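Notes follow the structure.
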Amino acid sequence: MNDDNRPLWLVPADVAGHDPLPDACDDLVVGAGVVGLTTAVLLARAGRKVCVVEARYVGAGSPGHSPAKVWVLQGPRLSTLLEDHSREVVQAYVDMNRAGFDWLVGFAGQHDVRMDRRTAATFAAKPTETSRARAEYVAAMSVGLPVEWTDDPGLPVPTHGAVTLADQAQIDPGSHLAALAAELRAHGGSLVEHARVMNVDWIGAPTAHLDDGRKVRAESLVVATGSPILDRSLAFSDLEPQRSYAVGYELADPPQVMALSAGSPSVSLRDALTEDGRPALLVGGFGHGVGRTESERDHVEMIRTWTAEHFPEAREVAAWSAQDYTTGDGLPRFGRMPRGGDRIRFATGFAKWGFTNGTAAALAIASDILGDRLPWADSVVDHSSPLLSTRGRAAINAKVAKEVATGAARVIATSPRSLQPGEGDVHRDGVRVVAESRSERGTCRVQGLCTHLGGVLRWNDQERSWDCPLHGSRFSPEGDVLNGPATKPLKRLDTQDDDEGKDDDRIGV
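According to my numbering, the stretch in the sequence shown is residues 4 to 512, in order.
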């Protein structure tokens with residue numbers, strides 16, 4: 004991980020998954036994030052033989068880069084859902100999050116996960132946001148949350164009213180993932196890092212094919228990747244991938260309220276600790292669609308500008324980003340995968356609230372595998388509006404179609420512009436589309452089309468990566484997959500390297 008995208012918290016090195024890969028198991032879980040590890044723990048506790056495979060390393064995905072606010076009050080989310088869904092469905096969504104919250108907080112307390120209880124606040128940062136915050140207050144009251152309205156939520160920034168919910172939580176995500184991995188192993192489960200699943204045989208018992216040629220056969224398979232990697236389900240077409248940012252600041256007395264603004268662009272606040280234990284403030288938000296902005300760096304600068312105005316004494320110590328997914332109708336997707344028979348399950352679309360939603364989805368998936376059903380799970384999955392889902396999917400795919408056309412126009416150029424270190428550009432070389440980037444080590448050329456569905460890649464100037472604006476796949480400058488749904492790396496083309504002896508596939512090196 005490069006220092007330009009390093010969170011305040013890291014997963015401890017002793018979590019590394021070097022367990023032997025079995026030829027067969029009861030349950031194979033693909034992805035070692037919150038959903039994957041929680042599902043694996045629940046199944047292993049039930050006496051099943053469980054293996055988790057992770058394409059990169061524990062904490063590489065969204066959970067390891069999340070602000071890890073464990074809320075049931077989630078910004079303006081409930082009022083937004085009530086605009087399109089029945090109260091029954093939104094009540095089930097709240098029940099789902101309460102279940103995820105209770106399990107996670109209980110687990111964290113039993114396993115010494117670094118956790119703080121805090122009041123959560125959805126606040127109006129501008130007068131024009133007050134009505135939005137009040138709508139959230141009304142929505143939260145209608146589904147039984149003991150929220151309060153206040154003119155002063157305890158933030159040292161201008162506010163114009165806020166809805167608050169006491170006794171919520173924030174955790175150190177690295178500590179939580181490490182505790183889940185330890186619990187999995189304590190119950191006989193295995194964890195294998197750097198084991199990328201490329202595809203799965205669907206007929207009969209699922210068989211996963213890894214990138215190094217190995218195979219694992221399982222009675223059931225759980226796809227717990229941010230965007231489901233199995234294209235047959237078409238789940239990726241119902242997801243809008245989003246990139247958001249966080250900057251950590253050393254600050255002697257950070258506010259002790261977790262907060263999220265009600266308007267857009269969103270501003271997220273929580274306190275934390277630096278690596279050496281000093282108090283810190285985490286400021287996040289200012290997101291955008293993956294590969295759909297002119298400059299990712301500008302979004303980080305927006306955070307820095309906002310913080311300099313409101314916390315001039317804060318000293319920056321870290322900056323990083325995360326990737327999340329929102330569905331067409333705003334509700335998460337989990338359960339049995341479409342066209343996957345009864346043996347393949349998945350979870351996705353948590354809209355940046357994966358610590359509660361993802362934990363709850365794991366509870367539902369594990370219960371289903373073990374022969375039980377949770378009532379709120381059926382309500383969320385079965386009673387969302389097919390019309391809304393179809394309409395939302397159409398809107399998402401209209402944006403994809405626009406990016407296809409824009410990408411075609413971008414590669415008319417037949418020669419690259421002159422690049423400085425940290426820059427990248429896509430151009431044509433005959434009929435070939437080339438993505439060329441430059442670092443302090445030299446120039447690297449890879450194919451310029453995403454290996455998922457051929458989208459023209461864009462250079463991410465903050466994280467020094469190639470990002471696909473169609474469905475959110477991301478690649479290192481050398482072509483390694485960072486985020487799916489793509490599973491295949493970009494083809495390396497001729498490379499001019501100023502340091503032939505160095506071989507490092509991390510972003511930005």
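Ideal Cβ placement from N, Cα and C applies to all residues, glycine included.
It should be emphasised that the depicted structure is a prediction, and the values quoted were computed from it without experimental measurement.
Margin query: Tell me which residue opens and which closes the alpha helix (DSSP H) that His430 is part of.
Written below: Working through the sequence shown from its first residue, we reach residue 430 at position 427. It is not in any alpha helix (DSSP H) - His430 instead sits in the beta strand (DSSP E) that spans Gly427 to Asp432.
Notebook entry, point to check: Shortest alpha-carbon distance to Ala71 belongs to which of Tyr60, Arg120 and Pro258?
Noted result: Taking the first residue of the sequence shown as position 1, residue 71 is located at position 68. That would be Arg120, whose Cα lies nearest to the Cα of Ala71.
Next item on the list: Locate the alpha helix (DSSP H) running through His302, then write down its first and last residues.
Entry: Along the sequence shown, one-based indexing puts residue 302 at 299. For His302, the enclosing alpha helix (DSSP H) covers residues Glu299 to His313.
Note to self: Judging by CA-CA distance, which residue of Val434, Gly361 and Arg420 is the nearest neighbour of Thr446?
What the structure shows: For the purposes of this step, residue 446 is taken as the residue at position 443 of the sequence shown. The candidate whose alpha carbon is nearest that of Thr446 is Arg420.
Checklist line | Pair within 8 Å by beta-carbon distance, Thr167 and Ala211 | finding: Looking up residue 167 in the sequence shown gives position 164. Looking up residue 211 in the sequence shown gives position 208. Not in contact: Thr167 and Ala211 (Cβ atoms no closer than 8 Å).
Notebook entry, point to check: Is the stretch 217-232 close to the stretch 25-41, with three or more CB pairs under 8 Å?
Noted result: yes
Next item on the list: Within the same chain, show all residues whose beta-carbon is closer than 6 Å to that of Leu493, passing over the 5 residues directly before and after it, in chain order.
Entry: Taking the sequence shown and counting its residues from 1, one reaches residue 493 at position 490. Excluding residues within five positions, the ones whose Cβ falls inside 6 Å are Val449, Gln450, Phe478 and Gly482.
Notebook entry, point to check: If you scan the stretch 148-225 from start to end, which runs of the alpha helix (DSSP H) of 4 or more residues do you find wholly inside it?
Noted result: DSSP assignment within the stretch 148-225 yields the following whole alpha helix (DSSP H) runs of 4 residues or more, N-terminal first: 176-189.
Next item on the list: Using 10 angstroms around the beta-carbon of Leu242, count the other beta-carbons present and answer buried if the total reaches 16, otherwise exposed.
Entry: One-based indexing of the sequence shown puts residue 242 at position 239. Classification for Leu242: buried.
Checklist line | Distance, Thr41 Cα to Ala363 Cα | finding: Here residue 363 corresponds to residue number 360 of the sequence shown, with the count starting at 1. Here residue 41 corresponds to residue number 38 of the sequence shown, with the count starting at 1. Rounded to the nearest angstrom, the two C-alpha atoms are 9 Å apart.
Notebook entry, point to check: By Cβ distance below 8 Å, which residues in the same chain neighbour Val97 in space, the five residues on each side in sequence not counted?
Noted result: Position 94 of the sequence shown holds residue 97. Val75, Leu81, Val146, Gly147 and Leu148, listed in sequence order.
Next item on the list: Please list, in chain order, all residues of the same chain as Leu390 whose beta carbon is under 7 Å from its beta carbon, the five residues on each side excluded.
Entry: Here residue 390 corresponds to residue number 387 of the sequence shown, with the count starting at 1. Note that Leu390 scores 49 on pLDDT, short of 50, meaning its location in the model is unreliable; the coordinates nonetheless yield the value given after this. None.
Check: How would you label Arg518, buried or exposed, when you count the other beta carbons within 10 angstroms and need 16 or more for buried?
Finding: Absent from the model: residue 518. The displayed extent of the chain is 4 to 512, so no value can be given.
Notebook entry, point to check: Using a Cβ-Cβ cut-off of 6 Å (strictly less than) and excluding sequence neighbours within five positions of Pro257, which residues of its own chain qualify?
Noted result: For the purposes of this step, residue 257 is identified with residue 254 of the sequence shown, where counting begins at 1. The beta carbon of Pro257 sits closer than 6 Å to the beta carbons of Asp274, Pro282 and Leu284 from its chain, once the five residues preceding and following it are set aside; these are given in chain order.
Check: Pairing CB atoms from the stretch 313-324 with CB atoms from the stretch 245-259, are three or more of them under 8 Å?
Finding: A contact between stretches requires three or more CB pairs, one per stretch, nearer than 8 Å, and the stretch 313-324 meets this requirement with the stretch 245-259.
Notebook entry, point to check: Among the residues of its own chain, which have a CB less than 6 Å from the CB of Phe110, if the five just before and after it don't count?
Noted result: Taking the first residue of the sequence shown as 1, we reach residue 110 at position 107. Same-chain partners within the cutoff: there are none.
Item checked: Whole-number beta carbon distance between Ala489 and Leu460, since they are thought to touch under 8 Å -> In the sequence shown, residue 460 corresponds to position 457, counting from 1. In the sequence shown, residue 489 corresponds to position 486, counting from 1. Wrong, their Cβ atoms sit about 11 Å apart, outside the cutoff.
Notebook entry, point to check: Would you call the CB atoms of Arg339 and Asp345 closer than 8 Å?
Noted result: Counted from its first residue, the sequence shown places residue 339 at position 336. Counted from its first residue, the sequence shown places residue 345 at position 342. For Arg339 and Asp345, yes; Cβs fall inside 8 Å.
Checklist line | Range of the contiguous alpha helix (DSSP H) that encloses Pro378 | finding: Within the sequence shown, residue 378 is the residue found at index 375, counting from 1. That run of the alpha helix (DSSP H) goes Pro378 to Asp385.
Item checked: Buried versus exposed, by CB contacts within 10 Å (16 or more), Thr308 -> Translated into positions along the sequence shown, residue 308 becomes position 305. Classification for Thr308: exposed.
Check: Whole alpha helix (DSSP H) runs in the stretch 39-88 with 4 or more residues, listed along the chain?
Finding: 65-68 and 80-85
Next item on the list: Select from Val61, Arg336 and Thr359 the residue whose C-alpha is nearest the C-alpha of Ser240.
Entry: The residue you call residue 240 lines up with position 237 of the sequence shown. Looking at the Cα atoms, Arg336 is the closest of the given residues.
Check: From Tyr328 to Thr131, what distance separates their C-alpha atoms?
Finding: Counting from one through the sequence shown, the residue named residue 328 turns up at place 325. Counting from one through the sequence shown, the residue named residue 131 turns up at place 128. So the alpha carbons of these two residues sit roughly 27 Å apart.
Check: Is Val414 closer than 8 Å to Arg431 when the C-beta atoms are compared?
Finding: Residue numbering aside, residue 431 sits at position 428 when the sequence shown is read from its first letter. Residue numbering aside, residue 414 sits at position 411 when the sequence shown is read from its first letter. Yes, the pair counts as a contact, with Cβ atoms nearer than the cut-off.
Check: Roughly how many angstroms lie between the CA atoms of Ala165 and Leu85, to the nearest whole one?
Finding: If you number the sequence shown from 1, residue 165 lands on position 162. If you number the sequence shown from 1, residue 85 lands on position 82. Computed Cα separation, rounded: 19 Å.
Check: What number of angstroms, rounded off, separates the C-alpha of Trp152 from the C-alpha of Gln259?
Finding: Residue numbering aside, residue 152 sits at position 149 when the sequence shown is read from its first letter. Residue numbering aside, residue 259 sits at position 256 when the sequence shown is read from its first letter. The straight-line gap from Cα to Cα measures roughly 18 Å.
Item checked: Option nearest Gln171 by Cα separation, candidates Leu276, Asn100 and Ala367 -> Within the sequence shown, numbered from 1, the residue matching residue 171 stands at position 168. Nearest option by C-alpha distance: Asn100.
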